[in-house]
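K.L.:
If you read the sequences in order, they're chains A and B. Residue numbers for the first sequence follow my numbering, so the first one is 49 and each next one is one higher. Residue numbers for the second sequence follow my numbering, so the first one is 70 and each next one is one higher. C-beta: ideal position from N, C-alpha, C; glycine also.
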Amino acid sequence: MESIILVWLAVFVPVAGAFLLPPVGGVSKGARNLGAFAMVGFSLLCSCLLLSSVLNGEVVTVSLPFLAGNNLFLADRLAVFMAIVSSLVGAVIVLYSMGYISHYKNQNEYYFMVVLFLGSMMGIVYSANLILIYLFWEITAISCWRLIGFFREKTCVIRADKAFLVTAFGALVMLIGFVMVYGQYGSFDLQTIKSASAAHPVANLAVLLILFGILSKSATLPLHTWLPDAGVAPTPVTALLHAAVLVKIGVYVYARLFVSTFTIDPAWETAIPLIAGVSALVSGGAALIETDMKRIIAYSTVSQLGFIFLGLSIGNDIGLAGGLLYILMHSIAKGGLFLCAGVVEQKLHVKDITRLGGLIRTMPVTAISFLLCAFSVMGIPPFGGFFSKYMVIAGAIKSGNYLITATFVLGAFLTMIYLFRLFAMVFLGEAKTTPVAEGAPVMVGSVAFLAVLSVAGGFFISYPSVFVQSAVHQITGVVQ
Amino acid sequence: MTSLLLILPLAGFILANLPAGRAFRRMCIVLPLVLSAVQVLLTLFPKASWWTAGNAAGLSLGFLRIDGISMLMLLAIGLVVFASSLISTATVRDERKNRSFVNLVLLSLLGMNGVVMVTDIFTLYVFLEIVSVCSFVLIALQREQAMFEGAFKYVVLSAVATMLMLTSIGILFLCAGGTSFTDLSSMIARNHADYTVVFAILMFIVGLFIKGGIIPFHGWLPDAYSSAAAPVSILLAGIVTKVSGVYTLIRLVVEVFGATPKTSQVLLFMGALSIVAGALAALGQKDFKRMLAYSSISQVGYIILSLGAGGALGIAGAVFHLFNHTIFKTQLFINAAAVEAQTGSRDLDAMGGLASRMPVTGATSVVALLSAAGIPPLAGFWSKLVIVVALWKAGHPVYLAVAVLASLLTLAYFLVLQRKVFFGTVAPGCDSVKEAGWRITGPSVAFSLIIIAVGVAVPFLLDTILLPIGRML
């Protein structure tokens, strides 16, 4: 009973609370900022409190009496893991926003949309049926639309519309897929579908349609074009949407539907890694030639998402565990990278890396944090990112698909090159701009916190990895 | 006491035209407001004993009947008439025109209430004509050239529809020997292969297509909607064409003509055509109200498509979308009225960034457009979902794909609208724009709240109201 209340609170405190923020902001800005942080933090707390019951193997289901046979929410280890990762990074980003956003217009709308976004992310994570997933999925698209268009310039609002249209198109295609699944099993409920699809695998066309929606949200080739363009948004938004949380929605729904619920044709275990591999290589190449700081990191995200998809879709336990771990490590490290870029951008109003240089002398904390997060994304031991990347590649080798493995090793190599290039051009060399001091304490503090987490993620890898492995066992139905 | 819904507007009409003093006449402005508010309140309690009171005493008229769908339509009629009348007090300043507006709105209210309650095809026709004639005059109320053009197109095409429907009624009457729905439906069930009967049915349906503005019979609709004065276009787009074209079509197809495979094919095709063509046409519009008008054509297509899918779910989807469309389209026309009243323009390219100047209008229009585009959790999403599931169950995967993907077109043109008018930076010349008065923003907020409330409460509504409607018909 208590766990059920926790799930309700984790979802509805931010979703409903978000609507209170604009009126509160009319009275006091400080109260609004703190309120936003408190709501996201509270949601994180609820998810953490759920840890103990899910670790005992309990699967918390929430249903309403008049929705016969349809569960509303479901909390298992996978869901709790994902909820903690996204609300943790979300909370740091909200904290960082207080420094970054403080002198722009439309702040009420900003906090409203960010908290609504994180709340609906919780909604997706805990959803127990396809309709609810779709519902929260589109709410995140709405907030994403308003947030990308935050600055109201013509290019911003046009690109916001583009992002909304691409993701909404994907979502509509996915909805057709959901309706096909409903037609096949007569239910939108995940657990009902799970037991029914064990005997009759989901139709390939439905899988393809749903996958299309997932790829559009996770900005995987060929539906990635909106993500680099969305860099016109304020930096905490890009960090939130395009590094840490939004793109992970697609990955999570993939894990939830195709790994944990549906039984699908084994051919997908080759097809999806192939799509992911192409996506990782092409966007890695794009990151190598871009000169806009945020676009490089955005392309890097597209590339790294390929690794996550590889891990989740390769069809063995080690790959799966690696993929989930990758979600955690990548959210932290990529969030850190974006936020560092934000510090630089806010101070200098320059995003072009050819016009930057030597910033390490005046912004040492930001530079070191950037480097630490970059090490984690590259997968250098002993940083957190190393373990996840290792496990994903190990999973690919275990599956015996060497061509795909080689593609991803090449992708990992590209990651190193473009991140070192970015670091060197922005922070090393001679200064090309007027020297500026370090950013606001709350911003630099958030950045340093994420960098420390990236390091700690490597040294204390055993905690998350034990949890992830138990989640994998629960997903694949292995009795421990 | 259902006949009171006809008698009261008539009494109001007579009252408003009594040869009394000016002060009294000015008071008459509240008549449509009061009557529609009463109607909304009554329909909110469909189970109340009021509805059956007097039946035993023989006070009710034999050809009137109220079921779930009529109740829902009465509610929608009340809401839209209320909003339109309230906005007319803010925008129609001329006293004489104001009086004409009051008279005509009361008559339209009478006509629409009649249309949704009758059980006889000839009486239905009479009420339809009352509504149409009121609309002609309403469109041309302000006597500008564009208004006459819009009204004239409507008169001409409506005359064609009238001719078709009247001929059809004549043939059906000859075949059945009566004009009540029960007489006709039993006759049609017996003679469904008879070409004369099929021809008559087809003529009636085409007449209703004209009234509802289905492509390719839509020529009058954009002109009429966009040229009319603000309260009139709200009334017209929100409810008049929906009742006289779409509701009547649903009622007749389901209850009288019967959903044969052939009719379903026609409805599905016409629906899909309207959805896609209407949305594509809307994409290219530069005028606020014209874009909304084409959007109406497209959304009505969804209703027709759902009706074509048939089954309890399809009919429930059609009725649900009809209700939702009434709400969000009324809301959008209210916002268009607010923008036009404050900036004096309907040209999308001349506006920009109005959300910072008109925050209420900007925010409510986001709600309405997302509902129209079928984005959850708003009301419009659920009706489209019901339609999509109905299409799947009826085995029309191609129409399903059209319906779903056309939502993207809807989203596209509404994003253009929102971007050009409200989002973006403030356009030069829009600096001094202020928010509209409460008589315009009030209804707008109320309709937004209805959209959100229906969207959130849909699991309750689906089982208690919508599916029973689908099964009952």
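Classify Val527/A as buried or exposed, calling it buried when 16 or more other Cβ atoms lie within 10 Å of its own Cβ.
P.N.:
Note that Val527/A scores a pLDDT of 46, beneath 50, so its modelled location is shaky; the value from the coordinates is reported in the next line. Classification for Val527/A: exposed.
K.L.:
Near Val163/A, which residues of its chain fall below 7 Å by C-beta distance, leaving aside the five closest residues on each side in sequence?
P.N.:
Contacts found: Pro62, Gly65, Ala66, Leu69, Ala84, Met87 and Val88.
K.L.:
Under the three-state reduction of DSSP, which class applies to Val322/B: helix, strand or coil?
P.N.:
DSSP places Val322/B in helix when its eight states are reduced to three.
K.L.:
Considering Cα atoms alone, identify which of Leu113/B, Arg508/B, Gly386/B and Gly524/B is closest to Ala463/B.
P.N.:
Per the Cα distances, Gly386/B.
K.L.:
Is Gly74/A close to chain B? Criterion is C-beta to C-beta, closer than 8 Å.
P.N.:
Taking Cβ atoms only, chain B never reaches closer than 8 Å to Gly74/A, which makes this a no.
K.L.:
Starting from the beta carbon of Leu536/B, find every residue of chain A whose beta carbon is closer than 7 Å, and list them in chain order.
P.N.:
The premise fails here: Leu536/B is roughly 13 Å from chain A at the closest Cβ pair, so nothing lies under 7 Å.
K.L.:
Does the separation of the CB atoms of Ile146/B and Ile308/B fall below 8 Å?
P.N.:
Contact: yes.
K.L.:
Give me whichever residues DSSP pairs with Thr44/A in a beta bridge.
P.N.:
The shown model of chain A, from 49 to 528, leaves out residue 44/A, and the question about it has no answer.
K.L.:
Cβ closer than 8 Å: which chain A residues qualify as neighbours of Ala341/B?
P.N.:
Going along chain A, no residue has its Cβ under 8 Å from Ala341/B, so there is no contact; the nearest lies around 15 Å.
K.L.:
Using only CA atoms, which one of Phe338/B, Ser296/B, Gly281/B and Ala299/B lies nearest to Lys311/B?
P.N.:
Here the closest residue by C-alpha is Gly281/B.
K.L.:
What do you reckon, are the CB atoms on Ile258/A and Met222/A nearer than 8 Å?
P.N.:
Yes, Cβ-Cβ distance for Ile258/A and Met222/A is below 8 Å.
K.L.:
Does Ser476/B have its Cβ less than 8 Å from a Cβ in chain A?
P.N.:
By this cut-off, Ser476/B is an interface position.
K.L.:
By DSSP, does Asp263/B sit in helix, in strand, or in coil?
P.N.:
Note: Asp263/B maps to coil in three-state DSSP.
K.L.:
Less than 8 Å between the beta carbons of Ile403/B and Ser513/B, yes or no?
P.N.:
Yes. Within cutoff.
K.L.:
What residue range is occupied by the uninterrupted alpha helix (DSSP H) comprising Ala244/A?
P.N.:
That run of the alpha helix (DSSP H) goes Leu238 to Ala247.
K.L.:
Closer than 8 Å by beta-carbon distance: list the chain A residues that pair up with Gly422/B, in chain order.
P.N.:
Arg200, listed in chain order.
K.L.:
Any idea what DSSP makes of Ser447/A, helix, strand or coil?
P.N.:
Ser447/A: coil per DSSP, three-state reduction.
K.L.:
Run through chain A and tell me which residues come within less than 9 Å of Gly449/B, C-beta to C-beta.
P.N.:
Neighbours of Gly449/B on chain A: none; closest Cβ ~12 Å, over 9 Å.
K.L.:
Just verifying my parser: in three-state terms, what is the DSSP assignment at Ser249/B?
P.N.:
Here Ser249/B sits in strand by DSSP.
K.L.:
Please classify Ala246/A as buried or exposed, where buried requires at least 16 other C-beta atoms within 10 Å of its C-beta.
P.N.:
Exposed, by the Cβ-count rule.
K.L.:
Using a Cβ-Cβ distance under 8 Å, would Val458/B count as near chain A?
P.N.:
Yes, Val458/B lies at the interface with chain A (some Cβ there is under 8 Å from its Cβ).
K.L.:
Expressed to the nearest angstrom, what Euclidean distance is found between the alpha-carbon atoms of Phe497/A and Gly383/A?
P.N.:
Answer to the nearest angstrom: the Cα atoms are 11 Å apart.
K.L.:
Can you pull the chain B neighbours of Gly197/A, defined as C-beta to C-beta under 7 Å?
P.N.:
Phe492, listed in chain order.
K.L.:
If the criterion is Cβ atoms closer than 8 Å, does the pair Ile375/A and Val299/A meet it?
P.N.:
It is a contact, given that the beta carbons lie within the stated cut-off.
K.L.:
DSSP state of Val527/A, grouped into three classes?
P.N.:
With a pLDDT of 46 at Val527/A, under the threshold of 50, the predicted position of this residue should be treated as unreliable, and no value is reported.
K.L.:
Going along the chain, which residues of the stretch 493 to 513 of chain B sit with their C-beta nearer than 7 Å to a C-beta in chain A?
P.N.:
Flagged, chain order: Gly493 and Thr494.
K.L.:
Return the chain-ordered list of same chain residues with a C-beta closer than 8 Å to the C-beta of Leu352/B, the five sequence neighbours on each side being excluded.
P.N.:
These residues qualify, in order along the chain: Leu478, Ala481, Tyr482 and Val485.
K.L.:
Thr494/B and Val30/B - do their beta-carbons sit closer together than 8 Å?
P.N.:
Residue coverage of chain B in this structure runs from 70 to 542, which leaves residue 30/B outside it and unanswerable.
K.L.:
At a Cβ cut of 9 Å, what residues of the stretch 469 to 501 of chain A count as close to chain E, listed as they run along the chain?
P.N.:
In summary, chain E is missing from the structure at hand, where the protein chains are A and B.
K.L.:
Just mark Arg403/A as buried or exposed, buried being the case when its beta carbon has 16 or more other beta carbons within 10 Å.
P.N.:
With fewer than 16 other Cβ atoms within 10 Å, it is exposed.
K.L.:
If the cut-off is 9 Å on Cβ atoms, which residues from the stretch 462 to 488 of chain B count as contacting chain A, listed in chain order?
P.N.:
Against chain A - using a Cβ distance shorter than 9 Å - the residues of the stretch 462 to 488 of chain B are Lys462, Pro466, Leu469, Ala470, Val473, Leu474, Ser476, Leu477, Leu480, Ala481, Leu484, Val485, Gln487 and Arg488.
K.L.:
In its own chain, which residues sit with a C-beta less than 7 Å from the C-beta of Gln487/B, not counting the 5 before and 5 after it?
P.N.:
The answer, listed in chain order, is Ser434, Val435 and Leu438.
K.L.:
Please check if any C-beta of chain B sits within less than 8 Å of the C-beta of Leu368/A.
P.N.:
Closer than 8 Å: no.
K.L.:
Helix, strand or coil, according to DSSP, for Asp163/B in the structure here?
P.N.:
In this structure, Asp163/B counts as coil in the three-state DSSP scheme.
K.L.:
Would you verify that the beta carbon of Ile519/B is, or is not, closer than 8 Å to some beta carbon of chain A?
P.N.:
Chain A contact via Cβ: absent.
K.L.:
Using a Cβ-Cβ cutoff of less than 6 Å, which residues in the same chain neighbour Thr242/A once the five nearest sequence positions on both sides are dropped?
P.N.:
Correcting the residue type first, residue 242/A is Lys in the shown sequence and not Thr. Excluding positions up to five away in sequence, the list reads Thr309.
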